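Colleague: According to my numbering, the sequence shown is numbered sequentially starting from -12. To start, I am sharing the structure in question, which I have written as structure tokens.
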Amino acid sequence: MARNRLKNLTARAQENAVADDKYKVHEEDTPLIDVVNELKNTDSFEISMETPDALLPYPDKGIRLGLHTGFKRDTLKESIQQDGIIEPCIIWVREGERLILAGHNRVDIARELHISVPCIIRTDLDIKKAERIVIITNLQNRQLHEMKPSELSRMLTRLIAGYDNSVYKSEIYEEINDEFSLTRTKVLWYLKINTLNTYLLEMLDNGDMPLTAAYKIACATSYNQNKLAEFVKEKGIQKISIHDAEKLLTRKVAEWNEEFMMVIFGLAEKAKKPRKTTTVSVKLKDIEKFAVGEQVTASSIIGVYKFQNDIKNKFKEKGCEYDEELVLKAVENYLQP
């Protein structure tokens, strides 16, 4: 019995060890909010002064925003000239290279002004943590309206994809909303837009298509998106409206062929369906009382309608509205002796 009890205890200990490892929080599973708090509380990190030429831009252009230009850059440059660089840049040392995670604009201006850059040097990161720092600092330091929709879409996609196998996946949308004021619905829109055809995505970035229209079109098949992109380029269509997108989505799966899109964008009229032939049933006795002395046939009935149509056309030629009583009165006057 003692031997069996020992065997059971050993098996239970092994099960607990497996369970503990399953729910163990690794560095790459660090919750977003913890990364945000770490970036806000940098007092515990040592700051060193680095020469700008020793610092390299983060190599992944998919999550690296373009440098400031124009007024934005001039304002930052003036601030640095007066007060220096107050907020240190974050640098990741990887394989001997010093990569900028946060502070690309500050380093760029420091290089122009020939001044050193205060930096927090990180050697304790993995690729996921480094990416999160790049993305989160981008979202913190740029107004959302300053970013192109495609940039925001890429960053949110990458940020959330990094939590695919994480115990924090269910919390990520709530934390994004708390930190960056982006609701779950809005985030899901941007994630969907990341699947949009490249040319259509450029139209969105250039303001030639509203976000709502882009989201609706992104819900279509990639085949239809490609056909649409080819069509608007070929026809020189400059704008795609929400109304256009809604009309396109009346064909959710069926092919968006040229004939269909010509109608959608007002380049051709919708082909009218041929009028169906209908049969009207009329009792013969109801017609015969108006056909005194004549035989009722199909041609005689057609003749009556043709005669009426000829009279209506005469009114139309004179710009007058057809009036049956006026016709009868005219006939009566004509027949008077």
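A virtual CB, placed ideally from N, CA and C, is assigned to each residue, including glycine. Small disclaimer: the values here were computed from a predicted structure and weren't measured.
Can you tell which of E65, S35, N28 and V121 has its C-alpha closest to the C-alpha of G53?
Modeller: Nearest C-alpha to G53: V121.
Colleague: Going by DSSP, what residue range makes up the beta strand (DSSP E) through V283?
Modeller: Counting along the chain, V283 falls outside any beta strand (DSSP E), and DSSP gives it neither H nor E.
Colleague: Which residues bound the beta strand (DSSP E) around L322?
Modeller: No beta strand (DSSP E) holds L322; the alpha helix (DSSP H) holding it covers E311 to L322.
Colleague: Roughly how far, in whole angstroms, is the beta-carbon of T188 from the beta-carbon of S137, given that I think they are within contact range, below 8 Å?
Modeller: Looking at the sequence itself, residue 188 is Leu, so the reference to Thr does not match. Correct: roughly 5 Å between the Cβ atoms.
Colleague: I need the straight-line Cα distance from Q295 to M248, nearest angstrom please.
Modeller: Near 42 Å, if we compare the C-alpha coordinates of M248 and Q295.
Colleague: Span of the alpha helix (DSSP H) holding I163?
Modeller: Unbroken alpha helix (DSSP H) run through I163: I159 to F167.
Colleague: Roughly how many angstroms separate the alpha carbons of N125 and L131, rounded to a whole number?
Modeller: Spanning the two alpha carbons is a distance of roughly 10 Å.
Colleague: What are the residues that DSSP puts in a beta bridge with E84?
Modeller: The partner list for E84 (beta bridge, DSSP) reads R81.
Colleague: Does DSSP put L43 in a helix, a strand or coil?
Modeller: If DSSP states are grouped into helix, strand and coil, L43 belongs with the strands.
Colleague: Runs of 3 residues minimum, wholly inside the segment 101 to 136: which ones carry the beta strand (DSSP E) assignment?
Modeller: List check, beta strand (DSSP E) in window: 104 to 109.
Colleague: For M342, does the three-state DSSP call read helix, strand or coil?
Modeller: In this structure the chain extends from -12 to 324, so residue 342 is not present and cannot be described.
Colleague: Label Y150 either buried or exposed according to how many other C-beta atoms from any shown protein chain fall within 10 Å of its C-beta, with 16 as the threshold for buried.
Modeller: Per the 10 Å Cβ criterion, buried.
Colleague: D30: which of K48, I77, T38 and L43 sits nearest, CA to CA?
Modeller: With distances taken between Cα atoms, D30 lies closest to I77.
Colleague: Am I right that Q212 and I204 are in contact with their C-beta atoms under 8 Å? What's the rounded C-beta distance?
Modeller: 6 Å between Cβ atoms; contact.
Colleague: For A241, which of helix, strand or coil comes out of DSSP?
Modeller: The answer is coil: DSSP assigns A241 none of H, G, I, E or B.
Colleague: Output the distance between the C-alpha atoms of I72 and R141, rounded to the nearest integer angstrom.
Modeller: Each residue's alpha carbon lies about 29 Å from the other.
Colleague: R98 to L183, Cα distance in whole Å?
Modeller: Each residue's alpha carbon lies about 37 Å from the other.
Colleague: Could you pull the start and end residues of the alpha helix (DSSP H) that I180 belongs to?
Modeller: Counting along the chain, the alpha helix (DSSP H) containing I180 begins and ends at R171 to I180.
Colleague: State yes or no: is the C-beta of K214 within less than 7 Å of the C-beta of W243?
Modeller: Yes.
Colleague: In the DSSP output, which residue or residues are listed as bridge partners for S209?
Modeller: DSSP, once it has assigned bridges, lists no residue as partnering S209.
Colleague: Is the CB-CB distance between L112 and Y45 below 7 Å?
Modeller: Result no, Cβ atoms of L112 and Y45 do not sit closer than 7 Å.
Colleague: Secondary structure at A89, three-state DSSP: helix, strand or coil?
Modeller: It is a strand residue.
Colleague: Would the C-beta of V22 count as close to the ligand ADP, meaning under 6 Å from any of its heavy atoms?
Modeller: Ligands displayed in this structure: none; no statement on the ligand ADP is therefore possible.
Colleague: How far does the beta strand (DSSP E) with E308 in it reach, from first residue to last?
Modeller: Note, E308: premise wrong, no beta strand (DSSP E); not H, not E.
Colleague: Report back the beta-carbon spacing between I102 and K64 to the nearest angstrom; my notes put them in contact at under 8 Å.
Modeller: Wrong, their Cβ atoms sit about 11 Å apart, outside the cutoff.
Colleague: Evaluate M36 with the Cβ neighbour count: other Cβ atoms within 10 Å of its Cβ, from every protein chain shown; 16 or more gives buried, anything less gives exposed.
Modeller: Result: exposed.
Colleague: Does Y160 have its Cβ less than 7 Å from a Cβ in chain D?
Modeller: Going by chain labels, chain D is absent from the structure shown, which holds only one protein chain.
Colleague: Among G49, K303 and A117, whose alpha-carbon lies nearest the alpha-carbon of E25?
Modeller: Ranking the options by Cα distance to E25, first place goes to A117.
Colleague: Going along the chain, which residues of its own chain have a beta-carbon closer than 8 Å to the beta-carbon of I251, five neighbours each way excluded?
Modeller: Within the same chain, I251 has close Cβ partners D231, K234 and L235.
Colleague: Put E256 into one of helix, strand or coil per three-state DSSP.
Modeller: If DSSP states are grouped into helix, strand and coil, E256 belongs with coil.
Colleague: Give the single residue among V23, K27, T56 and P75 whose Cα lies nearest to the Cα of T401.
Modeller: Nothing in the structure corresponds to residue 401, since the chain is present only between -12 and 324.
Colleague: Checking 7 Å against the spacing of the C-beta atoms, do T266 and I229 come in under that value?
Modeller: No, these two residues do not count as a Cβ contact at 7 Å.
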